[in-house]
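Reviewing the structure listed below.
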């Protein structure tokens, strides 16, 4: 309770002045009062796109994602992005035929943008983003004969595009990672990727044919900055699409340049390389991304076929023979010292002792 002296000191014309009492001091100020503004999703993207995303294809994709979201929201302005707005947005995307994987990519871009706006004080609440359950789809990769036909068609159009294709399938790197290489990234038998999607650099050894395709033929004029800097993504994709149409793969929408990365991963797993090393080779940020290829590692299961194909009669005749797949719970145990079966040597020993006592 305030004293009379404190009440008298407070000026009636200044209600926000300092009040004091025996136990507390109360101060009122206008400093933290801010005007509440509202924004469109597109406006937030324009403000923070260059901060949150590097230039490149991913930034281009994010731009189209945010543009579609802004269109679905009808350009609505908001100071708080509530849960019902997010749920309606996801429902609309699903009605448009978007898969859960596509919805997750679009929501990841929106979440990143809204979290930045929230930290900057542009909006004052965020919804809960829940990842949609994705169905594991079939992973397409090139067979050896498909690779040979496709690469031959590419080579007939561009030697540089052919060299890049060989590099992509034997290193498993992303197209942008290969195009961003400079000569300093290639040392002796290894190549280092510094500009990666995950932001983590990695270094891998090179195959013999990769060593061959990174050697540029002698040419007059200035040496290019890197082994593949003469090509752009658009140029390579145009050559790729023409070549795949020529060899009869034009209708297969999964035969895109990224299939070379899938092909590399699949060959590593099928060749017996463990998943952890495949993860390191590809530069996956999480092991779950690499586990998409785990079903191809079937060599460890070959012994199961032997067991299943063994006739039951042969199983019975083998008796107590142990198997490589026997369980400690089901494997026959060795007889303990001093104990034998009815047909064992224990009874003769006992009979011998009785005969000795009779003597």
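In full-length UniProt numbering, the protein residues as written are 1 to 359.
Heads up, the beta-carbon is just placed ideally off N, CA and C, and yes, glycines get one too.
Can you give the beta carbon distance from residue 65 to residue 109, rounded, assuming they're within the 8 Å contact cut?
5 Å
Since residue 141 and residue 262 are thought to touch, with beta carbons under 8 Å apart, how far apart are those beta carbons, to the nearest angstrom?
5 Å
Tell me, which residues are paired with residue 60 by DSSP?
Answer by DSSP bridge pairing: none, since residue 60 is not bridged.
Near residue 155, which residues of its chain fall below 7 Å by C-beta distance, leaving aside the five closest residues on each side in sequence?
162
With distance defined between alpha-carbon atoms, name the residue in 69, 60 and 55 nearest to residue 42.
69
Have a look at 268, 48 and 204 and flag the residue whose alpha-carbon is nearest the alpha-carbon of residue 119.
48
The beta strand (DSSP E) spanning residue 190 covers which residue range?
190 to 193
Per DSSP, what kind of secondary structure is residue 203 in: helix, strand or coil?
strand
Going by beta carbon distance, what residues of the same chain come within less than 8 Å of residue 195, once the five residues before and after it are set aside?
176, 177 and 180
How is residue 285 classed by DSSP in three states: helix, strand or coil?
coil
Does residue 392 pass the burial test, meaning 16 or more other C-beta atoms within 10 Å, or should it be called exposed?
For residue 392 there is no data in the structure shown, the boundaries of the chain being 1 and 359.
Residue 86 versus 238, 104 and 99, residue with shortest Cα-Cα distance
104
Return the residue from the list 150, 302, 61 and 268 that minimises the CA-CA distance to residue 240.
150
First through last residue of the alpha helix (DSSP H) which encompasses residue 262
259 to 270
State buried or exposed for residue 234, treating a residue as buried only when at least 16 other CB atoms are found within 10 Å of its CB.
exposed
Sort out for me which residues DSSP pairs residue 186 with in a bridge.
191
How big is the Cα-Cα spacing for residue 121 and residue 251?
49 Å
C-alpha distance - residue 46 paired with residue 79, whole-angstrom precision
16 Å
For residue 224, I'd like the list of residues in its chain whose CB is within less than 8 Å of its CB, leaving aside the five on either flank, ordered along the chain.
216 and 230
Does the contact criterion of 3 or more C-beta pairs under 8 Å hold for the stretch 184 to 204 versus the stretch 291 to 304?
no
I want to see whether chain C comes within less than 8 Å of residue 190, judged by CB atoms only; does it?
The chain labelled as chain C is not found in the depicted structure, where only one protein chain is given.
If I follow the unbroken alpha helix (DSSP H) through residue 176, where does it start and stop?
175 to 179
For residue 242, which of 279, 58, 158 and 280 has the nearest alpha-carbon?
158
Spatial distance of residue 303 from residue 310 (CA atoms):
11 Å
Give the straight-line distance between the Cα atoms of residue 134 and residue 94, rounded to the nearest whole angstrom.
13 Å
If I follow the unbroken alpha helix (DSSP H) through residue 95, where does it start and stop?
83 to 95
When DSSP labels each residue in this structure, what does residue 151 get in the three-state scheme?
helix
So, are the CB atoms of residue 213 and residue 169 less than 8 Å apart?
no
Coarse secondary structure for residue 330, derived from DSSP in three states:
Only weak support exists for where residue 330 lies, its pLDDT of 47 falling under 50; the value from the coordinates is given anyway. Looking at residue 330 - three-state DSSP - the assignment turns out to be coil, as it is neither helix nor strand.
Residue 228 in three-state terms, based on DSSP:
coil
Alpha helix (DSSP H) segment containing residue 103, residue limits
100 to 119
CA nearest to the CA of residue 205, picked from 236, 171 and 232
171
Please report the distance separating the alpha-carbon of residue 247 from that of residue 147.
10 Å
Do residue 269 and residue 296 have their C-beta atoms within less than 8 Å of each other?
yes
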